[in-house]
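Have a look at the structure below before the remarks.
2 protein chains.
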Amino acid sequence: MTAANLSSMYPDGRVALREVGLRDGLQLTASFPSTEGKTRWIEAEYAAGVRYFDAGSFLPPARHPQFADVRDIVGFIDGLPGAVATVLTLNAHAAADALETPAPQLDCVVSATESHSLRNVRRTREEALGVVAEICRLREGSAHRPVIALGISTALGCTIEGQVDPADVYRLVGLGLDAGADIVSIADTVGYAGPLQVADMVRTVRTMADGRPVGVHLHDTRGLGLANASAALDEGATLIDGSLGGLGGCPAAPMATGNIVFEDLAFLCRTKGIDTGVDVRKLIALRKVQAEEMPGETFHGALEKAGLPLGLESSPAAQPV
Amino acid sequence: MTAANLSSMYPDGRVALREVGLRDGLQLTASFPSTEGKTRWIEAEYAAGVRYFDAGSFLPPARHPQFADVRDIVGFIDGLPGAVATVLTLNAHAAADALETPAPQLDCVVSATESHSLRNVRRTREEALGVVAEICRLREGSAHRPVIALGISTALGCTIEGQVDPADVYRLVGLGLDAGADIVSIADTVGYAGPLQVADMVRTVRTMADGRPVGVHLHDTRGLGLANASAALDEGATLIDGSLGGLGGCPAAPMATGNIVFEDLAFLCRTKGIDTGVDVRKLIALRKVQAEEMPGETFHGALEKAGLPLGLESSPAAQPV
Chain G
1 MTAANLSSMY PDGRVALREV GLRDGLQLTA SFPSTEGKTR WIEAEYAAGV
51 RYFDAGSFLP PARHPQFADV RDIVGFIDGL PGAVATVLTL NAHAAADALE
101 TPAPQLDCVV SATESHSLRN VRRTREEALG VVAEICRLRE GSAHRPVIAL
151 GISTALGCTI EGQVDPADVY RLVGLGLDAG ADIVSIADTV GYAGPLQVAD
201 MVRTVRTMAD GRPVGVHLHD TRGLGLANAS AALDEGATLI DGSLGGLGGC
251 PAAPMATGNI VFEDLAFLCR TKGIDTGVDV RKLIALRKVQ AEEMPGETFH
301 GALEKAGLPL GLESSPAAQP V
Chain E
1001 MTAANLSSMY PDGRVALREV GLRDGLQLTA SFPSTEGKTR WIEAEYAAGV
1051 RYFDAGSFLP PARHPQFADV RDIVGFIDGL PGAVATVLTL NAHAAADALE
1101 TPAPQLDCVV SATESHSLRN VRRTREEALG VVAEICRLRE GSAHRPVIAL
1151 GISTALGCTI EGQVDPADVY RLVGLGLDAG ADIVSIADTV GYAGPLQVAD
1201 MVRTVRTMAD GRPVGVHLHD TRGLGLANAS AALDEGATLI DGSLGGLGGC
1251 PAAPMATGNI VFEDLAFLCR TKGIDTGVDV RKLIALRKVQ AEEMPGETFH
1301 GALEKAGLPL GLESSPAAQP V
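Respectively, the protein sequence lines represent chains G and E.
In terms of the working numbering, the first sequence opens at residue 1 and continues consecutively.
In terms of the working numbering, the second sequence opens at residue 1001 and continues consecutively.
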């Protein structure tokens, strides 16, 4: 990657809210939108000021039909000025495919616990780190040299092993940065964390990342998603994931919520005086479109029911990045 | 009041979680539990380690039948060793009635905005402060001299006036403390606040309160209830309200959630290493009883669906205060 790439995608001090509904959000849903439905969704969120989109995963389309159109989605996002498409690449083959698209960011994942790593990607953590290193090498040989983001899943708790020793996370982060990752994201994959744990981990990882952006991928499974996001923002995390209506559940708790509700997250940022360029009012209006597009899904979120506070209804116009 | 009273009810540095479901929670519900149902609820929460209960409001029983048994409820709580019953007294007449019960705490309320004060209690803010002063005088002449708590409602936003100037809140807090209030509680009555606003206000009010306990009454109307509670705890608020299953809505937003979910709040405290004496696991189990008791109500909360994290299922035994 080039540092110029990274700093134009993630300008210093700016908080980037990423819509992950079209990737993480579709991993567990019974139905999924058509390619046209996805592009309508992206276009409408783009008009509301959203600039970061998790576009999909490079996986065999026969087993993962919801991501069969990932190339089209990346292409569509690439056509929107200032928009950033990120894609999940779980192995070198996926990365090689992704490198043939204009996607400016490839996401790699390493689990914090050995058990989760084996169950999730059938690799040990060391093997998963080897994949990250291999993807970084592939990137060096590519034409557009995309950014490589390393996500540490189950970093704040694991449904198989329980509590996770932060030292394990820091070891993996260090090895991932050495391998060439440009961004580190801490994932509370199963929603175990509290704000104190999140704050401590973001603080340490930011020191390790030495100026590279640090993000969080938080789940709201136990109701603390936004409290954790607030703590992460206070500690300087600048990439925060969420999904409109909280699309996407938790594999370990079928009844529970999953991703942080994107529009509520945008509201949180607004109450903190953080300008994300996202128009919360327009996002709330999109909830109706989303529900029509995916009639079988359960959506979550408070703002959609309560509306914006009096005096805040007219959000500032979305500011293009 | 006697300082001894206050410090035995609220030991220094200890965080008190108050169940407000039987008062605030019953203001808007279609149905309400029988006296026996209420005492079963209190007994079960007491067994789970809860020690602070909002017992009801002294209001004309003809118009407020849900609180007609407030004396019985206070008496029941008074019989539980270490349990604290608080009651809402909106005028001097109510306070005089309350002073004939063993309730160790009377709650008074002043709205931060003039419009809300006029609509809520048909008094100006100055008149409402006059009532607080009168209740403090009545208390001085009473046998057991209960604690007087001053709640500032709409302190963080108002559905009639919109944003609230914190200076208005601080002025009212100062006058209320001068009048004799022993405790100040900041209420985000309509769920407008974000964690930054809550933190700033708790910090300032704590300075003003000069060692007297400071609490928060937060609503989860816009999804930030627990993020706000976390911020309040970080700034040293030691009295936090919530209701099991989030019982009680928001008068200004009929579809929305109201009170913070008590069991999720207790979990938040646990993730922060704050020992509240409350057994989260037992609270979750109570949700079933509550739903049977009030079949027509909608309940909220994440933990009831997701369960406690692996390794935290066995909460420490409740510790009597």
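For each residue, glycine too, the CB sits at the ideal point set by N, CA and C.
9 Å Cβ cutoff met for residue i and residue j
i, j, result
"A193 of chain G", "L138 of chain G", "no"
"L129 of chain G", "L172 of chain G", "yes"
"T89 of chain G", "F58 of chain G", "yes"
"V202 of chain G", "R40 of chain G", "no"
"G1248 of chain E", "D1024 of chain E", "yes"
"E313 of chain G", "R287 of chain G", "no"
"Y46 of chain G", "A16 of chain G", "no"
"L303 of chain G", "D275 of chain G", "no"
"D1220 of chain E", "V1190 of chain E", "no"
"T1101 of chain E", "D1069 of chain E", "no"
"L1226 of chain E", "G223 of chain G", "yes"
"G1021 of chain E", "S1243 of chain E", "yes"
"D200 of chain G", "P146 of chain G", "no"
"A1085 of chain E", "I1073 of chain E", "yes"
"H1300 of chain E", "G1246 of chain E", "yes"
"G1277 of chain E", "G1049 of chain E", "yes"
"T1205 of chain E", "Y1170 of chain E", "Rather than Thr, the amino acid found at residue 1205 of chain E in this sequence is Val. Taking 9 Å as the Cβ cut-off, V1205 of chain E and Y1170 of chain E qualify as a contacting pair."
"P65 of chain G", "F32 of chain G", "yes"
"F1076 of chain E", "L1026 of chain E", "no"
"D323 of chain G", "R18 of chain G", "As shown, chain G starts at 1 and ends at 321. That puts residue 323 of chain G outside it, with no answer to give."
"T29 of chain G", "E297 of chain G", "yes"
"D241 of chain G", "N259 of chain G", "yes"
"C136 of chain G", "A181 of chain G", "yes"
"I1042 of chain E", "A1083 of chain E", "yes"
Residue i in three-state terms, based on DSSP
i, result
"F1053 of chain E", "strand"
"T257 of chain G", "strand"
"D1241 of chain E", "strand"
"I1152 of chain E", "strand"
"G297 of chain G", "Correcting the residue type first, residue 297 of chain G is Glu in the shown sequence and not Gly. Coil."
"D1135 of chain E", "What sits at residue 1135 of chain E in the sequence shown is Ile, not Asp. Residue state, collapsed to three classes: helix."
"I1183 of chain E", "strand"
"P1320 of chain E", "Note that P1320 of chain E has pLDDT 37, beneath the 50 cutoff, so the model's placement of it is unreliable and no number is given."
"G1191 of chain E", "coil"
"V147 of chain G", "strand"
"V198 of chain G", "helix"
"G130 of chain G", "helix"
"G1277 of chain E", "coil"
"G1246 of chain E", "helix"
"L1218 of chain E", "strand"
"G225 of chain G", "helix"
"G1162 of chain E", "strand"
"F58 of chain G", "coil"
"R203 of chain G", "helix"
"E1114 of chain E", "helix"
"D1210 of chain E", "coil"
"R119 of chain G", "helix"
"L1177 of chain E", "helix"
The ligand ADP heavy atom lying under 8 Å from the CB of residue i
i, result
"T159 of chain G", "In the structure shown, the ligand ADP is absent, as is every other ligand, since no ligand is present at all."
CB contact below 9 Å: residue i versus chain C
i, result
"Q163 of chain G", "Here chain C cannot be found, since the structure's protein chains are G and E."
### Task
For the segment 1160 to 1167 of chain E and the segment 1224 to 1240 of chain E, state whether three or more C-beta atom pairs, one from each stretch, are separated by less than 8 Å.
no
### Query
Quick one, which residues of the segment 65 to 78 of chain G are near chain E if we go by CB-CB under 9 Å, in chain order?
none
### Query
Of all the alpha helix (DSSP H) runs that stay within the bounds of the segment 1063 to 1111 of chain E, which reach a length of 4 or more residues?
1070 to 1078 and 1092 to 1099
### Message
With three or more C-beta pairs closer than 8 Å as the rule, is the segment 1179 to 1190 of chain E touching the segment 1141 to 1153 of chain E?
### Response
yes
### Query
Of all the residues that make up the segment 253 to 273 of chain G, which are near chain E by a beta-carbon distance shorter than 8 Å?
A253, M255, A256, T257, V261, D264, F267, L268, R270, T271, K272 and G273
### Query
Which full runs of the alpha helix (DSSP H) of 4+ residues lie inside the segment 1002 to 1044 of chain E, going along the chain?
1003 to 1009
### Task
Pull out every residue of the segment 1178 to 1202 of chain E whose Cβ sits closer than 9 Å to any Cβ of chain G, in chain order.
V1190, G1191, Y1192, A1193, G1194, P1195, L1196 and Q1197
### Message
Using a Cβ-Cβ cutoff of 9 Å, what residues of the segment 206 to 226 of chain G are near chain E? List them in chain order.
### Response
D220, T221, R222, G223, L224, G225 and L226
### Query
Going along the chain, which residues of the segment 1272 to 1286 of chain E sit with their C-beta nearer than 8 Å to a C-beta in chain G?
K1272 and G1273
### Message
Tell me which residues of the segment 142 to 161 of chain G have at least one Cβ-Cβ distance to chain E shorter than 7 Å, keeping chain order.
### Response
G157 and T159
### Task
Using a Cβ-Cβ cut-off of less than 9 Å, list which residues of the segment 105 to 132 of chain G approach chain E; keep chain order.
none
### Residues from the segment 37 to 64 of chain G in contact with chain E, defined by Cβ distance under 9 Å
none
### Task
Scan the segment 1286 to 1305 of chain E for residues whose Cβ lies nearer than 8 Å to a Cβ of chain G and list them as they occur along the chain.
G1301, A1302, L1303 and K1305
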